[in-house]
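In my numbering, the protein residues as written are 41 to 294.
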Amino acid sequence: MSDARVGLVIEDDHDIRELVRTVLTQAGFDVTVASSGAEGVLVAKNINPDVITLDLGLPDIDGFEVSRQIREFSDAYIVMLTARTEELDTLIGLESGADDYLTKPFRPRELRARIAAMMRRPRSATEPADATAEAPAESNGHPERGNFSHNGLELSYASRTVVVDGREMNLTRTEFELLHALLEAGRTVRTKSDLVRRLRDEDYDVGSYISEADERSVEVHMGNLRKKLGDSPQQPRWLQTVRGVGYRLAPSAH
Numbered sequence: 041m042s043d044a045r046v047g048l049v050i051e052d053d054h055d056i057r058e059l060v061r062t063v064l065t066q067a068g069f070d071v072t073v074a075s076s077g078a079e080g081v082l083v084a085k086n087i088n089p090d091v092i093t094l095d096l097g098l099p100d101i102d103g104f105e106v107s108r109q110i111r112e113f114s115d116a117y118i119v120m121l122t123a124r125t126e127e128l129d130t131l132i133g134l135e136s137g138a139d140d141y142l143t144k145p146f147r148p149r150e151l152r153a154r155i156a157a158m159m160r161r162p163r164s165a166t167e168p169a170d171a172t173a174e175a176p177a178e179s180n181g182h183p184e185r186g187n188f189s190h191n192g193l194e195l196s197y198a199s200r201t202v203v204v205d206g207r208e209m210n211l212t213r214t215e216f217e218l219l220h221a222l223l224e225a226g227r228t229v230r231t232k233s234d235l236v237r238r239l240r241d242e243d244y245d246v247g248s249y250i251s252e253a254d255e256r257s258v259e260v261h262m263g264n265l266r267k268k269l270g271d272s273p274q275q276p277r278w279l280q281t282v283r284g285v286g287y288r289l290a291p292s293a294h
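Structural data, given as structure tokens:
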């Protein structure tokens, strides 16, 4: 890319902070660091980062609150770095707006791979959406990648926008990707492991390890997406759960 991407490391441990700074710098980021939560929120406002790594165990504000505050003004990818192994902590972190997580100690190569996958997703519009190029998101059709319309919801991949009944939604980029994946698949079920690989930008035939925690993180993101859309799990307008398998697009309303 011609312009340097911007990274922010929010971490109070000096050694880990410098390790993450090195990983991001080697990946081509212009990196700024912060050693506390309050500082991290302030820096995020000032530099508009593409990616933020966030320690949960900060000395002032915990990482959950930092993530919530950053989400009020930023669509940066947030990767939680945590020494906590309890699943509940991970789920709270994802519910607060984080996109992904890694448990300490982590391998620098894995962090770099996760961030590289995130950055392969568009951050913003490169071309204006073609407002006339609508196509129904049905499993028997093949709509253009950029535009979907289903049950009062309109998604434009080019402009990264989602509009429901005329109102634009404020989705994280992870939530946007999951919604796009379901619209793209129509009534075909997408398994949780499929969706994990989609978020990691991996081929579906890649034999990479998908843990229960990875699949649970998809459930949390889908729950967040449902809340924002105002969708009902019992009578879904868009997101239909297929128990024990995954998700698919709800039927068209006629």
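Beta carbons: idealized from backbone N, C-alpha and C, even for Gly.
Query raised in the report: Taking Cβ to Cβ, would you say A290 is nearer than 8 angstroms to P273?
Result: no
**Report entry** Distance between S251 and L134 (C-alpha atoms, nearest Å)
**Finding:** 16 angstroms
**Report entry** Classification of A74 by the beta-carbon crowding that lies within 10 angstroms, buried from 16 upward
**Finding:** buried
Requested in this report: For S196, write down the residues that DSSP places opposite it in a beta bridge.
Outcome: N187, T201
Query raised in the report: DSSP on F104, reduced to helix/strand/coil?
Result: helix
Query raised in the report: Could you check where the alpha helix (DSSP H) with Q66 kicks off and where it finishes?
Result: 54-66
Query raised in the report: Of all the options N187, V119, H190, D55, which has the alpha carbon lying nearest to the alpha carbon of M159?
Result: V119
Query raised in the report: Measuring CA to CA, which of S292, D53, E259 is closest to T130?
Result: E259
Query raised in the report: Using the rule of at least 16 other Cβ atoms within 10 Å of the residue's Cβ for burial, across every protein chain shown, is V285 buried or exposed?
Result: exposed
Query raised in the report: For the putative contact between R154 and L142, defined by C-beta atoms under 8 angstroms, what is the C-beta separation to the nearest angstrom?
Result: 7 angstroms
Requested in this report: In the DSSP assignment, find the unbroken beta strand (DSSP E) run with A90 in it and report its ends.
Outcome: Reading off the sequence shown, one finds Asp at residue 90, where the question assumed Ala. First-last for D90: undefined, no H or E at that position.
**Report entry** Environment of H54 [buried if 16+ CB atoms lie within 10 Å]
**Finding:** exposed
**Report entry** Continuous beta strand (DSSP E) stretch holding F113: start and end
**Finding:** No beta strand (DSSP E) contains F113, which DSSP labels as neither H nor E.
Query raised in the report: So is V106 buried or exposed if we call it buried at 16+ other beta carbons inside 10 Å?
Result: buried
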